[in-house]
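Q:
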Amino acid sequence: MNNSIKLPVSIVESKARERALLLLDEGTANEILGPFDFFESPHLEAQNIVPQSDDGMIIMQGTIRGRRSLVISIEGSFQGGGIGEVSGAKFAGALERAYESCEAGELIYPVIIYDTGGVRLQEANYGLLSIAEISSAIVALKKYVPVIGIIPGKVGSFGGMSLTAGLCSALIMTREGRLGMNGPEVVQQEAGIQELNAKQKPFIWKMIGGSMRYNSNLVDAVIEDDVVNYLDTLENLWTNNNFKQRTVEYDTFLNMLNHLQFEQKIGTDEAQEILSNRSELAAGEATIADGENTSRGRTWFNAFTNNAPSISETPSVLVADAHLNGEKARFIAVVPNSENKFYRARNGEFGLQEAWTVAKYVRQAIEEDKDSAEKRLIVPIVDVPGQAFGYHEELFGIYLACAASVEAYAVARQSGHPIVTCVVGKAISGAFLAHGMQGNRIISLDDSEVQVHVMSKKSAALVTMRTVEELDEFAKSVPSMAYDVHSFKTLGALYELIDGINADEPSNEQVQKVIHSIASAKEDIIQSGDRTLANRIQSTIAVENGRKASIAVRGKIAQQWN
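With the first letter of the sequence shown counted as 1, position 443 gets the number 443 in the UniProt record's numbering; the numbers rise by one all the way through.
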């Protein structure tokens, strides 16, 4: 027998804790908030779901080939790797501590192992808040160290967590891995089987699998599933320190999208060719038709800007600078466009063009104000029914487009731009994460049509294997599952809920009332001097009830951090 033969050690087939231990140098692993700390989700038992004592989130410190590292590993076999309040607080809290270490000159290199369907729907808006905080921490950390993500296989990386993957400095995948914003089953549920047949597994992998993403120049490495390959690739990325910064390619992607024609569906091979050569495409004019459809987003954009013309070349994204109390502010709204060639984004959904366009004009404001002592206020006006659920959206990387928008807002806030998010209509799922959730403060109209949630009720029922009626019943005892803005307020993230406003046809007096609220929120931001999202776990509502578990988790991480 030849004892020199070494069999591959699979990361794909390992559990989350094993994955972390396999990456870390032997004897160096120190688990933070492990299973014997018994930090379970407080929201699952009420829904007849058995919680897990580590909530499916593994946090370990140690070294990888001698380099101090933080490994965050998601357990895909528990609730599909979904992010709830405790698991999300562990993830975000660990990254926040890593940032503090880096800021103090003690560098620690984060590695994230993804195996997640996104938000845990049984905790819904807790997951939404957590993913916003995770995203903010990744963006902040990248100033000091690269944040590297690994998508080995099994579940993959979907939903809001795909946006955090898109934010990583680099991504490593296997051919078994999948990366997309909307899971194939959800796209089929929302758009129909003619849009995407989720049972066509080989086709799904050709569309969003590791090889496709790598050959499209959307990820940095595709490797065979053996632990030594992961370690070699990590070391190579750290040593070369040459990261692509795809989230700032807004002009390149917008130009590429302008070239696309949809007389018939674009095949995976053609899409791969287009994506891999996107930077070489000739500059094209943005000849995009404008349906000028009415919406709350448009109504409030016009009210805030005094009907200023939009400077955006994308009709479904309105952008204008106007004065608020004598000071310049940038207002951004996403609106319906019945002429949108991306037919899954015609009703105000946040699609490919919308996401890259928002990123472009937020970045433009950052660049224009970089030498200014006072950065202009940015106001995302939120009336978005969700991200676009479509074949072409997944094919051309809507996860990355939305990550670019998230990062632009986060960089703006962290650079000193006060961001006051104004919710006037629906604030759903990845659209809200990409357009609004990175604001320093969130204000909302108190209106029955204002909704905050992760997914449509039909799709949520599909994913959780419940009926819509059962979900509505659970929402009575778990406010984070409810869609109404009053339930969202109980989580502690709203700065102000403004009543007495006709959301569809506001009077001048009502517009001034909302403007006063925006100005008050801006002043609060400036007075606090805080450029993070920490106020969401520091508000009275959050401390007394809304984010108790989130606060307790962060406190315990601080105690155990080396």
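Note that CB positions come from ideal geometry on N, CA and C, so glycine has one too.
(1) What would DSSP say about residue 416, mapped onto helix, strand or coil?
(2) Taking only three categories from DSSP, how would you classify residue 35?
(3) For residue 109, name the three-state secondary structure that DSSP assigns.
(4) The beta strand (DSSP E) that contains residue 319, what's its start and end?
(5) In or out: residue 125 buried (at least 16 other Cβ within 10 Å) or exposed?
(6) Once you ignore the five residues that flank residue 558 on each side, which residues in its own chain have a CB closer than 6 Å to its CB?
(7) Whole-angstrom Cβ separation of residue 114 and residue 165, contact assumed at under 8 Å?
(8) Output the distance between the C-alpha atoms of residue 321 and residue 257, rounded to the nearest integer angstrom.
(9) Mind pulling the beta strand (DSSP E) runs of 3 or more residues that sit fully within the segment 52–123?
(10) Considering Cα atoms alone, identify which of 120, 178, 239, 43 is closest to residue 150.
(11) What residues match up with residue 452 in a beta bridge as DSSP calls it?
(12) For residue 452 and residue 223, I'd like the C-alpha separation in whole angstroms.
(13) Between which two residues does the beta strand (DSSP E) containing residue 495 stretch?
(14) On the three-pair Cβ rule with 8 Å, is the segment 466–480 touching the segment 514–533?
(15) Using the three-state DSSP reduction, which class does residue 539 fall into: helix, strand or coil?
(16) Is the beta carbon of residue 352 less than 8 Å from the beta carbon of residue 393?
(17) Within the continuous alpha helix (DSSP H) that includes residue 457, where are the two ends?
(18) Based on the DSSP output, what are the partners of residue 328 in its beta bridges?
(19) To the nearest angstrom, how far is the alpha carbon of residue 335 from that of residue 288?
(20) Could you give the residue range of the alpha helix (DSSP H) that holds residue 517?
(21) Does the beta-carbon distance from residue 226 to residue 9 come in below 8 Å?
(22) Using a 10 Å radius around the Cβ and a threshold of 16 neighbouring Cβ atoms, would you call residue 428 buried or exposed?
(23) With which residues is residue 149 paired in a DSSP beta bridge?
(24) The alpha helix (DSSP H) spanning residue 311 covers which residue range?
(25) Since residue 463 contacts residue 186 with CB under 8 Å, what's their CB separation in whole angstroms?
(26) Where does the unbroken beta strand (DSSP E) through residue 222 begin, and where does it stop?
(27) To the nearest angstrom, how far is the alpha carbon of residue 274 from that of residue 207?
(28) Rounded to the nearest angstrom, what separates residue 252 and residue 295 at their Cα positions?
(29) Below 8 Å on the Cβ atoms is my guess for residue 176 versus residue 12; work out the distance and round it to an integer in Å.
(30) Helix, strand or coil for residue 3 per DSSP?
(31) Name the residue from 485, 493, 49, 71 whose alpha carbon lies nearest to the alpha carbon of residue 147.
A: Looking at the coordinates:
(1) DSSP places residue 416 in coil when its eight states are reduced to three.
(2) Note: residue 35 maps to helix in three-state DSSP.
(3) Here residue 109 sits in strand by DSSP.
(4) It spans 317–324 - the beta strand (DSSP E) in which residue 319 sits, taken as one unbroken run.
(5) In this structure residue 125 is buried. Its beta-carbon is surrounded by 16 or more other beta-carbon atoms within 10 angstroms.
(6) No residues qualify anywhere along the chain.
(7) Contact flag correct, Cβ pair sits at about 6 Å.
(8) If you take the alpha carbons of residue 321 and residue 257, they lie about 26 Å apart.
(9) DSSP runs (the beta strand (DSSP E)) wholly in the segment 52–123: 57–64, 67–74, 109–113.
(10) Closest in alpha carbon position to residue 150, among 120, 178, 239, 43, is 178.
(11) Bridge partners of residue 452: 427.
(12) For residue 452 and residue 223, the distance between alpha carbons rounds to 39 Å.
(13) Taken as a continuous stretch (DSSP letters only), the beta strand (DSSP E) holding residue 495 covers 494–498.
(14) With fewer than three CB-CB distances shorter than 8 Å, the segment 466–480 does not count as touching the segment 514–533.
(15) Coil.
(16) In this structure, the beta-carbon distance from residue 352 to residue 393 falls below 8 Å.
(17) Start and end: 457–464.
(18) Looking at the DSSP output, residue 328 shares a beta bridge with 323.
(19) Per the coordinates, the alpha-carbon of residue 335 lies some 14 Å from the alpha-carbon of residue 288.
(20) From DSSP, the alpha helix (DSSP H) with residue 517 extends over 508–528.
(21) Taking 8 Å as the cut-off, the beta carbon of residue 226 is found closer than this to the beta carbon of residue 9.
(22) Answer is buried; the Cβ neighbour count reaches 16.
(23) Looking at the DSSP assignment, residue 149 forms a beta bridge with 112, 171.
(24) Boundaries cannot be given for residue 311, as no alpha helix (DSSP H) includes it and DSSP labels it neither H nor E.
(25) Right, the Cβ-Cβ distance comes to about 7 Å (below 8 Å), so this counts as a contact.
(26) Start and end: 221–223.
(27) C-alpha of residue 274 to C-alpha of residue 207: approximately 13 Å in a straight line.
(28) CA-CA distance, residue 252 to residue 295, rounds to 29 Å.
(29) Confirmed, Cβ separation roughly 6 Å.
(30) Confidence is the limiting factor: at residue 3 the pLDDT is only 47, short of 50, which leaves the residue's position unreliable, though a coordinate-based value still follows. Three-state result, residue 3: coil.
(31) With distances taken between Cα atoms, residue 147 lies closest to 71.
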